[in-house]
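Number of protein chains: 2
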Amino acid sequence: MDATDKAILLLLQKNGKITIKEIAERLNLTTTPIFERVKKLEREGFITSYKAIVDRKKVNLQLIIFCNVTLNLHQTDFLKKFEKDIQQFPEVVECYHVAGMFDYLIKIYAKNMEEYQQFLSNKLASLENISKVQSSFVMTEVKTLSHLPL
Amino acid sequence: MDATDKAILLLLQKNGKITIKEIAERLNLTTTPIFERVKKLEREGFITSYKAIVDRKKVNLQLIIFCNVTLNLHQTDFLKKFEKDIQQFPEVVECYHVAGMFDYLIKIYAKNMEEYQQFLSNKLASLENISKVQSSFVMTEVKTLSHLPL
DNA sequence: GATAAATAAAGAATATAATTCTTTATAAAT
DNA sequence: ATTTATAAAGAATTATATTCTTTATTTATC
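Here's what the structure looks like:
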């Protein structure tokens, strides 16, 4: 992991479709070393995957909600059960077990408020073991870095 | 946006490096229609970009912290100022203006606790207008969908 | 119901990029 | 100084993306 590898990661994080040729030009090298370095970064797990980023509004997911969840019971079995249940819901795009004021932080994408209400009433709230749910509705996405600060 | 487009988006979200040829095979079509549909999805903004996903632990970002921030003053100017300041910090990978118990939710990546403490003391807390900061430390990433639920 | 227009897909041909292989340079070690 | 290892260069090959032309399918109009 030298400076060249880091530069490659930065370029690929910004644009996963950048060609080996173009990386080579930018870093003043030929395609072979770049090709081999990229393959090594993939092989060694620095790059886990490549993904197309889809515009959520274009596919009608207008709402982002962060939900702080507090459980009643905190024995391992109950945590595992909750984590397994939450995985199933397609609305939940992220879920973190956190140490802090609440137990879990979950991020939800919904088409509209009705869909979110359905999720909350029929899905989340109907899990056993849920003690409290506190929702935060995203008004503006101030910063959304999809690349890591290397 | 028909069923084929949706299927293409699902495949590209999972694997941005999938070839036109392979998409074609999976959807029982030839490369031409797939190529043109992908270009259309890009042109019309459904696909905003392609990115390489980098393993944060591999690049030594061991901690994820969610930070709930409450401001003192909520006039437009003060909000804008805070939003501008928060953008500068490389540690902050996401920031949302939310309606709920707090004003802003920020997501932070840090190498270790010391780095986070430095960020909190020297950077975040030194912004004017900050009233309260409540940190939640991620213990486990239960679910991290990097693709939208289409 | 027949015809025309539009849309989508197929097939072939070309251009571009990825990948492999061989050679050369550079740096580190004995 | 000589060997060994590492990294990069250059050329050749393979695979994929891209373009162009043709064919099928659907939709609209008379």
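Chains as they are written, first to last, in the numbering used here: chain A, 1 to 150; chain B, 1001 to 1150.
Built from N, CA and C at the ideal position, the CB exists for glycine as well.
These numbers come from a predicted model, not from an experiment.
Enclosing beta strand (DSSP E) for residue i [first to last residue]
i: T1030/B; result: Segment: none, T1030/B is in no beta strand (DSSP E) and carries neither H nor E.
i: M1139/B; result: 1130-1144
i: K107/A; result: 104-110
Whole-Å CB distance - residue i paired with residue j, under 8 Å assumed
i: N112/A; j: L63/A; result: 6 Å
i: L61/A; j: A110/A; result: 7 Å
i: N129/A; j: F82/A; result: 6 Å
i: L1148/B; j: V59/A; result: 6 Å
i: V98/A; j: S1146/B; result: Contact flag wrong, Cβ pair sits at about 20 Å.
i: E94/A; j: T1144/B; result: 5 Å
i: Y1104/B; j: V1142/B; result: That belief does not hold up - the Cβ atoms of Y1104/B and V1142/B are roughly 23 Å apart, past 8 Å.
Test: residue i CB closer than 8 Å to a CB of chain B
i: N15/A; result: yes
i: L29/A; result: no
i: F66/A; result: yes
i: I130/A; result: no
i: H74/A; result: no
i: T48/A; result: yes
i: T4/A; result: no
i: E141/A; result: yes
i: D77/A; result: no
i: T32/A; result: no
Cutoff 8 Å: residue i Cβ touching any chain A Cβ
i: M1101/B; result: yes
i: V1133/B; result: no
i: L1150/B; result: yes
i: H1097/B; result: yes
i: A1052/B; result: yes
i: L1105/B; result: yes
i: I1086/B; result: yes
i: T1019/B; result: no
i: F952/B; result: There is no way to answer for residue 952/B, as the model of chain B reaches only from 1001 to 1150.
i: E1022/B; result: no
i: V1092/B; result: yes
i: K1123/B; result: no
Any non-hydrogen atom of the ligand NAD closer than 7 Å to residue i Cβ
i: T1076/B; result: Absent from the structure shown: the ligand NAD. Ligands present: none.
Terminal residues of the alpha helix (DSSP H) in which residue i lies
i: E1114/B; result: 1113-1118
i: K17/A; result: From DSSP, K17/A is part of no alpha helix (DSSP H); its letter is neither H nor E.
Inset, instruction - Please specify which runs of the alpha helix (DSSP H), each continuous and at least 4 residues long, are wholly inside the region 48-100 of chain A, giving them in chain order. - result: Every alpha helix (DSSP H) stretch that sits fully inside the region 48-100 of chain A and reaches 4 residues is listed by chain position as 76-88.
Legend entry - Three CB pairs or more closer than 8 Å across the region 1038-1050 of chain B and the region 39-58 of chain A: Three or more Cβ pairs drawn from the region 1038-1050 of chain B and the region 39-58 of chain A lie within less than 8 Å of each other, which places the two stretches in contact.
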